[in-house]
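Line by line, the protein sequences give chains A and B. Residue 271 in this note's numbering sits at position 254 of the first sequence, with consecutive numbering throughout. Residue 137 in this note's numbering sits at position 21 of the second sequence, with consecutive numbering throughout. Report on the following structure.
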Amino acid sequence: MVETVVKINQLQKKFGKVEALKNITFNVYKGEVFGFIGPNGAGKSTTIRTLLGILRASGGSATIFGQDVWHDAVAIHSRLAYVPGDVYLWPNLTGGEVIDLFLKLNHQEHSDKTDELIEQFELDPTKKSRTYSKGNRQKVALIAAFSTDADLYIFDEPTSGLDPLNEEIFQKRVLELKQAGKSILLSSHILSEVERMCDRIGIIRQGEIIETGSLEEMRHLTRTVIQVQTKDSLSDIAQLEGVHDVKTDTAKQNKVSFAVDSDQIGIVMEVLATKVILSLQSTPPTLEDLFLRYYNNDSQEVNDNAQ
Amino acid sequence: MHNSDFSQAGFLTRFYLRRDWLKIVFWLIGLVGLMGAAAGKFDGLYGTKSAMNSIVTTLKTPAMVAMFGPFTANPPYNSALIFATEMMVFMGLFMAMMNIYFAVKSTRAEEDSGILELVRAHCVGKYAPLLAATIELLIINLITGVLETLSLIAANMTGADNTGSLIFGLGLAAVGFMFGGFTLLMAQLSDNSRGATMLSYLILALLFLVRMMTDVSNPDYTWWSPFGWIEKLSVYDENIWWPVFAMLGVAILTVGVAFYAYARRDVTAGLLATRPGRTRASALLAGPFTLIFRLERTSFIVWMIGMFVLGASYGSIFSTVGDIMKTNPMMAKLMGGSAVDAANQTVILNFAALLSIVFVVLSTVPAMQTVLKLNTDERKGWLEQIHAKSISRLHLYCSYVAVALITGTLGLLLGILGMYTAGQSVMDAPIPLDRFLRAFYGFLPAQLVTIGISALLMGVVPRIQAISWIVPIYGFISLYLGGLLDLPKWATHLTPYGWVNKVPLRAVQWNLTWELVLIAVVLFVLGFIFYKRRDMVEN
C-alpha cells in the first residue's frame, strides 16, 4: 500500500456567500507527481492556500502527512516547500538574501546545491528584488524550493513567467525529486508540461473536482480520433454506436476521419476490418482535448443557465 | 491636445478625483470641521477682557511661540487675532500632511503598483499623469481653502473680517499646495512610495524646526523657512496678501523641477538609483523578527534620529522658554534668585509636558505602521511564502509587535533624551534626567494601549484597519489644542494619552501605569486570537 501524503476529503471554502470550493476530494501519494488543472478561477489557488493553512476551510477535511492542515500547519511546513504562482518579494532585499532567508525559515542552509541552482537558472542574486521581472522573481522562489530538502513540494503555476530553457530545467528538477521518492503537487496551465510529468491528474471546475486519475484512465473516458481509408464503402460508419463527427475526405475515395468513444473501439475496429483497411491512423486524445472537453461542457452549461 | 505630451490629462484628473473622493471627503471633514468648530468656540472662550489679556500673555511666552508661532498683533485684542495665532501653524501642518498623502498616492504609489505602466501604454501623454496629479492637488487645496474661509465667515468671530478669512483659507491652500509640490519632486527622486513619503516628511520637519527656532530667537528670520511664511499673512491684523503668492511661486517652481526630473527618468526608476546588494543573506537575517527589522532599517534609523533631533531642537530653546525674567520681569523681581530658578523650572517642565505629547504621538506613528503592516505586507503577497514555512502565526505576530514596541519605546525615549541633552547645555539651572524620564514612564503605557488598539483592529477588521489612526490623530489634536480650546475633560479622555497626568511636571501615577500596561497586554492577546482565527487577507 502506497503512503498517502495529501488527503483531501470534501473540502469546502466559502467567502461570505460565494462558494469558492464546493467539493474537493483527491489524494496525493508518496513518490508521485500530481497534476492539478482547471480554468482560471476554478479554485486551484484557493485549494492550495487552504492546504497551506493560509485560508481556513469551511467544511470537509484536509491532511498532509496525516496532520490537519490548519492546526498542525507549522509541523507540516517543516517538511514542505512551496512556490506560489505570483511571487512577490520584499523590494529592498536582494534575490540572494531572499533565497537564504527562505532556507533559514525552514531551518536549512545555503548549500552547494543552492549555488548550482542559481547558476543553472542564471539568476543574478545581487540585484534588489524590485528590479526583478516576474520570471526572475519566480526563479528566486524556485531556487529556494529546489534547494530545500522537503517531502512534499507544492508548485502553483510555477513556470508561467519562465522562458522555455528555464522551463526545461524546472521539469528536469521535478523529475529528479520524483525519482528521490518525493511527492509533488503541481498546478499548471501548461498542459504539455502536466502531460509529460504527472502520474495522476485532477481536474477542477467551479470549485469541484470532476475527474481524477492517470492520463491513461482518463483517455478511456473520452474519444480517440481515427483516420481510415478502406477499399469498401464507409457510408454506414456514422450509424455505429459511439461514432461521432464523421468527416469524409472529398479528394480520396472511402477516406474518413471520425471520433470514437474509447469503450466502442473494439466493435468499430471489427466493422472496419470487414471493409479491408488500406491505411489507418489513430490519435489518442491529448490532455488538451480532455481539458477542452470539460471546459466546453462548462461554458455550455453556463450558456444553458443563462438562457 | 490629441497628440501632445499632455493628452488625456483632464480625463486622468477626473479619474484621480473619482478614485480618491471618499478620502478627500474625510480630509475635508477633518480639516474644515476642526477649523470651523474651533472658530465657533472662540468668542465664548475669550469673551472677557481679563481672559483675553491672560491668553495673550500666555501666547507671548517663548514656549507658546515655539508651539504656535509669535503673537504679533497690537491691542486692542479680539478673539479673531488669538484664533489666527493659535490655529495657523497647526492647520498648516495638517494641510502639508494631506498634500504629502495625496501627492504620493497619485504618483509614486501608482508606479509602485504598476498601474502607471498600464496607463502610459494607452494613448496618454508623457506628462499627463503628473499633470493630473498636480491639478488634483490644486483642486483639493482650493476646495479646502474655500471651505475653510466659508467656515470662518460663518463662525463670525469678533474682530474677523472677510478679507482676513479669505487670506486665512487661501494661505492654507497655498502652503498645502507648496508641500504638494515638494512631494511631487520627492516622488521623482525616490524610487518607491515609502521613500518619497519619508523624504517629504523630512522636509516638513526641517522647515517646521527652522520656523520654531527662528520664531523663538527672532521672528524676522522666520522668512528662512517657507513654512514660516503663513505666519507672515498677519491674518485679521494687517491681512498681508503677498506671502500667498510667494508660496504659490515656490510651488510652481518646485512642480516645474518635478516635471523636469520626471522627463529625465524611466517609469518606475528614481533619480536616486538602487544599488546592487548582498549575494548572501547576513547571519543576522534569519527569521521573521530580523526580517522585519531589516526591511524597516532605513525608516527605523530615520525615525530615531528624527525623534532625537526634534527633542534636541525643543530642548535648545529651554533657556529662552524658562526665562520668566524676560517674559514677566515684575514677578521675577518680586520672587528673588532661587524662587526664580524654581519658577523657571516649572515653566520648562510645563513646556516639557506639552512636548511629551508631541513625542509620544509621533513615536506611535512608526510603531502603529509596523503593526498594520501585518496586513498590508500580506496584501502585497510578501508573506505568502512565510506562511508556507514552519513559522507559526504566533511567531509572525509577535515579531511584528515586538518590532513595533521597540520602535515606539525607543522613539519616545530618544525624543525625551534629545530634549534633556540640549536643554542641559543651555539652561542655567539644569533639571536632572530622572525628572524628564517621568514623561517616559508616564506616557509609554498610553502608547502601548494605543498600539494595542491597532493590533486588535488589525486582527478583527483587517479591511478597515486604517481607522486605528483616529486614536493618535485625535489624541494629538485634543491634547495639543485642548488646553487652549478649553475642551471638557471627557473629550480629552477619549484617547489613552489623555489619561496621563502632566508628567514630567507631576509625579508618575504608577497605579495608572500598571493598569494601562495590563489593558495593553489584553489588547495584544485579543488581537492575536482574532488574527489567528481568520483567513489571511487576500490581495
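Glycine included, every Cβ here is placed at the ideal spot set by N, Cα and C.
Chain-order list of residues whose beta-carbon lies under 6 Å from that of residue 48 of chain A (same chain, five-residue window excluded): Excluding positions up to five away in sequence, the list reads 198.
The region 586-594 of chain B touching the region 518-525 of chain B, judged by at least three CB pairs closer than 8 Å: When C-beta atoms of the region 586-594 of chain B are compared with those of the region 518-525 of chain B, fewer than three pairs fall below 8 Å, so the two segments do not count as touching.
DSSP state of residue 31 of chain A mapped onto helix, strand, coil: In the structure shown, residue 31 of chain A sits in a strand (DSSP, three-state: E or B).
Neighbour list for residue 308 of chain B in chain A, Cβ cutoff strictly below 9 Å: Annotation: Cβ neighbours of residue 308 of chain B in chain A (cutoff 9 Å, chain order): 108, 109 and 147.
One or two residues paired with residue 266 of chain A in a DSSP bridge: Per DSSP, none; premise fails for residue 266 of chain A.
Cβ neighbour criterion (16 or more within 10 Å) applied to residue 117 of chain B: Confidence at residue 117 of chain B is low in this model, with a pLDDT of 46, below 50, so the placement of that residue should be treated as unreliable; the coordinate-derived value is given next. Exposed, since its Cβ has fewer than 16 Cβ neighbours within 10 Å.
Against chain A: residues of the region 481-496 of chain B by CB proximity under 7 Å: From the region 481-496 of chain B, only 496 have a Cβ closer than 7 Å to chain A.
Buried versus exposed, by CB contacts within 10 Å (16 or more), residue 142 of chain B: When all chains shown are included, residue 142 of chain B counts as exposed.
Element boundaries [beta strand (DSSP E), containing residue 594 of chain B]: Unbroken run through residue 594 of chain B is the alpha helix (DSSP H), 586-596; no beta strand (DSSP E).
7 Å Cβ cutoff met for residue 93 of chain A and residue 64 of chain A: Not closer than 7 Å, so no.
Span separating the alpha-carbon of residue 501 of chain B from that of residue 471 of chain B: In a straight line, the C-alpha of residue 501 of chain B is about 43 Å away from that of residue 471 of chain B.
Spatial distance of residue 393 of chain B from residue 154 of chain A (CA atoms): CA-to-CA, the gap between residue 393 of chain B and residue 154 of chain A works out to about 16 Å.
Sheet register partners of residue 605 of chain B (DSSP bridge): Residue pairing of residue 605 of chain B in beta bridges, as defined by DSSP: absent, with no partner found.
Contact set between residue 419 of chain B and chain A, taken where Cβ atoms lie within less than 8 Å: Using a Cβ-Cβ cut-off of 8 Å, residue 419 of chain B is close to nothing in chain A; its nearest Cβ partner there is about 16 Å away.
7 Å Cβ cutoff, residue 324 of chain A in contact with chain B: Because the pLDDT of residue 324 of chain A is 43, which lies under 50, any placement of that residue in the model is unreliable, and the question is left without a value.
Cβ-based burial, residue 176 of chain A [other Cβ within 10 Å; buried from 16]: Its Cβ being crowded by 16 or more others within 10 Å, residue 176 of chain A is buried.
Residue 556 of chain B - containing alpha helix (DSSP H), residue span: Boundaries of the alpha helix (DSSP H) harbouring residue 556 of chain B: 549-576, taken from the DSSP string.
Close beta carbons around residue 195 of chain A, own chain, < 6 Å, minus the five adjacent residues each side: The residues are 50.
Where residue 123 of chain A meets chain B, residues with beta-carbon distance less than 7 Å: Going along chain B in sequence order, the residues near residue 123 of chain A (Cβ under 7 Å) are 505 and 506.
Within-7 Å CB hit, residue 208 of chain B to chain A: Not closer than 7 Å to any Cβ of chain A, the Cβ of residue 208 of chain B fails to qualify, so no.
In DSSP terms, what residue 275 of chain A is bridged to: Its beta-bridge partners are A:243.
Within-7 Å CB hit, residue 41 of chain A to chain B: Residue 41 of chain A does not count as touching chain B.
Proximal residues of chain A, C-beta to C-beta of residue 625 of chain B below 9 Å: Ordered by position in chain A, no residue passes the 9 Å Cβ test against residue 625 of chain B, which lies about 42 Å from the chain.
The ligand COA heavy atom lying under 6 Å from the CB of residue 518 of chain B: The ligand COA is absent from the structure shown, which contains no ligand whatsoever.
Rounded C-alpha distance that separates residue 324 of chain A from residue 580 of chain B: Its pLDDT being 43, under 50, residue 324 of chain A is placed unreliably by the model, and nothing is read from it.
Cβ pair count under 8 Å reaching 3, the region 310-330 of chain B against the region 270-286 of chain B: For the pair of segments examined, the region 310-330 of chain B was found not to touch the region 270-286 of chain B: the number of CB pairs separated by less than 8 Å stays below three.
Residue environment, residue 88 of chain A, which counts as buried when at least 16 other CB atoms sit within 10 Å: Within 10 angstroms of the beta-carbon of residue 88 of chain A lie fewer than 16 other beta-carbons, which makes it exposed.
CA-to-CA distance, residue 571 of chain B to residue 319 of chain A, given in whole angstroms: Caution applies to residue 319 of chain A, whose pLDDT of 47 falls short of 50 and renders its modelled position unreliable; the value that the coordinates give is listed next. Their backbone Cα atoms lie some 44 Å apart in a straight line.
Per-residue burial, residue 151 of chain A [other beta carbons within 10 Å of its own, 16 or more giving buried]: Result: exposed.
Chain A within 7 Å of residue 661 of chain B, Cβ atoms only: What is shown of chain B runs 117 to 655, which leaves residue 661 of chain B out entirely.
CB contact below 7 Å: residue 382 of chain B versus chain A: Closer than 7 Å: no.
Contact set for residue 565 of chain B: own chain, Cβ-Cβ below 8 Å, skip 5 residues either direction: Here the set comprises 612, 632, 635, 636 and 639.
Helix, strand or coil at residue 46 of chain A [DSSP, three-state]: Strand, per DSSP.
Cα-Cα separation, residue 315 of chain B to residue 24 of chain A: About 52 Å.
Short CB-CB distance (under 7 Å) between residue 138 of chain B and chain A: Not one chain A Cβ lies under 7 Å of residue 138 of chain B.
Exposure of residue 480 of chain B, with buried meaning 16 or more beta-carbon neighbours within 10 Å: So residue 480 of chain B ends up on the buried side.
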